[in-house]
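A.B. asks: Residue numbers in the sequence shown follow this note's numbering, run continuously in steps of one, and reach 310 at the last position.
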Amino acid sequence: GDMEKGSFRCDANVSVRPIGSNELGVRSEIKNLNSIRYVMQAIEYEANKQINILENNEIVTQNTLLFDVSLGQTRVIRTKEDAHDYRYFPDPDLFSVKIDDQYIDHVRSLLPELPLQKRDRYINDFHLNKCDADILSSDKDVAMYFEKVVEKHDAKLAASWIIGELFGRLNKLGITINESSVKAEHLIQLLDLIVDNTISGKIAKQVFDMMFESGKLPALIVNEHGLKQVDDADILYAVVEKILKNNASKVEEYKQGKEKLFGYFVGQVMKETQGKANPEMVNSIIKQQLENK
18 GDMEKGSFRC
28 DANVSVRPIG
38 SNELGVRSEI
48 KNLNSIRYVM
58 QAIEYEANKQ
68 INILENNEIV
78 TQNTLLFDVS
88 LGQTRVIRTK
98 EDAHDYRYFP
108 DPDLFSVKID
118 DQYIDHVRSL
128 LPELPLQKRD
138 RYINDFHLNK
148 CDADILSSDK
158 DVAMYFEKVV
168 EKHDAKLAAS
178 WIIGELFGRL
188 NKLGITINES
198 SVKAEHLIQL
208 LDLIVDNTIS
218 GKIAKQVFDM
228 MFESGKLPAL
238 IVNEHGLKQV
248 DDADILYAVV
258 EKILKNNASK
268 VEEYKQGKEK
278 LFGYFVGQVM
288 KETQGKANPE
298 MVNSIIKQQL
308 ENK
């Protein structure tokens with residue numbers, strides 16, 4: 018049946034044999050069962066019926082049955098004969114096929130890496146969580162894209178950008194990864210700029226948007242829009258000093274134990290520099306300035 022639509026239909030074959038017996042019993046086939054509950058009820062009823070027949074030294078006949086759900090009983094719709102009554106006969110032109118384990122192993126060795134194998138490799142070799150590994154291994158093109166990026170960058174960083182950033186934009190436009198304007202080599206270049214601290218992660222997301230819309234390379238976008246990360250200590254010291262001076266009351270609150278305000282100061286510096294300040298340097302300078310006040 019169409020189980021994805023909620024429908025279900027199956028047949029059940031039932032036979033019993035005495036404990037210790039190696040000989041299979043005569044089977045009956047119960048047709049058109051349409052729920053798991055009816056399958057259980059029909060099998061239980063038919064098995065008990067056959068047991069009672071055998072215990073009374075009677076013979077079980079091979080029947081095709083229906084299960085009457087209102088009565089909870091099986092009933093015969095036709096009696097089956099032997100296989101020849103179905104007009105089965107051997108085809109003299111078909112020869113027997115014998116496949117040994119050696120041949121099976123040989124064919125298996127020729128197979129490409131299958132999705133489940135790929136998923137397990139991503140988990141074991143790249144230490145991805147199962148959810149991310151499932152997503153990245155389920156589609157061949159996605160897996161190829163991911164593995165190309167992983168040749169140059171950390172797997173978790175690559176997975177985060179592909180799943181968290183790229184997929185969202187692909188889904189919004191209803192396109193595949195092969196149709197993306199941001200190719201694997203372009204994402205590699207963007208991650209290069211993050212890793213070498215040319216741009217911050219926050220700015221990288223802005224650059225990624227512009228890459229996706231224009232198809233331009235990340236370095237070109239950074240230069241055109243002046244997005245390079247500010248890592249000049251003198252400039253950052255001046256910005257931090259300005260922020261702390263303009264927020265003297267909050268500095269006092271921080272010194273009195275309200276340490277959550279540290280994040281506020283960082284946010285203000287990033288806002289002042291339009292997100293371009295080197296976050297590590299900003300944290301270090303703010304900490305140093307607060308300790309000196």
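Yeah, the Cβ is synthetic: ideal placement off N, Cα and C, and Gly gets one too.
A quick note: this is a predicted structure, and the numbers were derived from the prediction, not measured.
So for glutamine 90, helix, strand or coil by DSSP?
C.D. replies: What you label residue 90 is simply residue 73 of the sequence shown in a count that begins at 1. The answer is strand: DSSP assigns glutamine 90 an E or B state.
A.B. asks: Here's the rule: buried if 16 or more other CB atoms are within 10 angstroms of the residue's CB, otherwise exposed. What is valine 256?
C.D. replies: Start at 1 with the first residue of the sequence shown, and residue 256 comes out as number 239. Flag for valine 256 reads buried.
A.B. asks: In or out: phenylalanine 112 buried (at least 16 other Cβ within 10 Å) or exposed?
C.D. replies: On the sequence shown, residue 112 is found 95 positions in, with the first residue counted as 1. Looking at its Cβ environment, which holds fewer than 16 other Cβ atoms inside 10 Å, phenylalanine 112 is exposed.
A.B. asks: Determine whether the beta carbon atoms of isoleucine 220 and histidine 170 lie at a separation below 8 Å.
C.D. replies: In the sequence shown, counting from the first residue as 1, residue 220 sits at position 203. In the sequence shown, counting from the first residue as 1, residue 170 sits at position 153. No, Cβ-Cβ distance for isoleucine 220 and histidine 170 is not below 8 Å.
A.B. asks: Do you know how far the Cα of tyrosine 271 is from the Cα of cysteine 277?
C.D. replies: For the purposes of this step, residue 277 is identified with residue 260 of the sequence shown, where counting begins at 1. For the purposes of this step, residue 271 is identified with residue 254 of the sequence shown, where counting begins at 1. A quick correction: the sequence has lysine, not cysteine, at residue 277. Their Cα atoms are separated by approximately 8 Å.
A.B. asks: Please classify asparagine 39: does DSSP put it in a helix, a strand, or coil?
C.D. replies: To locate residue 39, count along the sequence shown from 1; it is residue 22. The answer is coil: DSSP assigns asparagine 39 none of H, G, I, E or B.
A.B. asks: Assuming phenylalanine 225 contacts glutamate 182 under a Cβ cut-off of 8 Å, what Cβ separation, rounded to an integer in Å, is found between them?
C.D. replies: Mapped onto the sequence shown, residue 225 falls at position 208. Mapped onto the sequence shown, residue 182 falls at position 165. About 6 Å; that satisfies the 8 Å criterion.
A.B. asks: Can you tell me whether asparagine 73 is helix, strand or coil according to DSSP?
C.D. replies: Taking the first residue of the sequence shown as 1, we reach residue 73 at position 56. Coil at asparagine 73, not helix or strand.
A.B. asks: My understanding is that phenylalanine 163 touches isoleucine 179, with C-beta atoms under 8 Å, so please give their C-beta distance in whole angstroms.
C.D. replies: Within the sequence shown, residue 163 is the residue found at index 146, counting from 1. Within the sequence shown, residue 179 is the residue found at index 162, counting from 1. The Cβ separation is near 6 Å, so the contact holds.
A.B. asks: Skipping 5 residues on each side, what residues in its chain have a beta carbon closer than 7 Å to that of alanine 29?
C.D. replies: As a position in the sequence shown, residue 29 is number 12, starting the count at 1. If we look at alanine 29 and ignore the five residues flanking it on each side, its Cβ neighbours are Ile47, Leu50, Val56, Ala59 and Ile60.
A.B. asks: Just tell me which of Ser217, Ile53 and Ile76 has its CA closest to the CA of phenylalanine 25.
C.D. replies: Working through the sequence shown from its first residue, we reach residue 25 at position 8. Per the Cα distances, Ile53.
A.B. asks: Compute the distance between the beta-carbons of tyrosine 62 and threonine 91, then report whether it is under 8 Å.
C.D. replies: Indexing the sequence shown from 1 puts residue 62 at position 45. Indexing the sequence shown from 1 puts residue 91 at position 74. Yes, they are a contact pair.
A.B. asks: Alanine 172 and lysine 135: beta carbons closer than 8 Å?
C.D. replies: Working through the sequence shown from its first residue, we reach residue 172 at position 155. Working through the sequence shown from its first residue, we reach residue 135 at position 118. No.
A.B. asks: Taking the C-alpha atoms as reference points, what is the distance between lysine 259 and asparagine 240?
C.D. replies: As a working mapping, residue 259 is identified with position 242 in the sequence shown. As a working mapping, residue 240 is identified with position 223 in the sequence shown. Going from the Cα of lysine 259 to the Cα of asparagine 240 covers about 27 Å.
A.B. asks: Can you tell which of Glu72, Lys189 and Ile94 has the C-alpha that lies nearest to the C-alpha of threonine 81?
C.D. replies: Indexing the sequence shown from 1 puts residue 81 at position 64. Ranking Glu72, Lys189 and Ile94 by Cα distance to threonine 81 puts Ile94 first.
A.B. asks: Quick one: what's threonine 96 bridged to in DSSP?
C.D. replies: Indexing the sequence shown from 1 puts residue 96 at position 79. DSSP lists Asn80 as partners of threonine 96.
A.B. asks: Run the CB neighbour count on proline 35, radius 10 Å, all protein chains shown included, and call it buried at 16 or more, exposed below.
C.D. replies: Sequence index remark: in the sequence shown, residue 35 carries index 18 (1-based). Classification of proline 35: exposed, given that the 10 Å Cβ count is below 16.
A.B. asks: Mapping the DSSP letters down to three states, classify glutamate 270 as helix, strand or coil.
C.D. replies: Here the question's residue 270 lines up with position 253 in the sequence shown. Here glutamate 270 sits in helix by DSSP.
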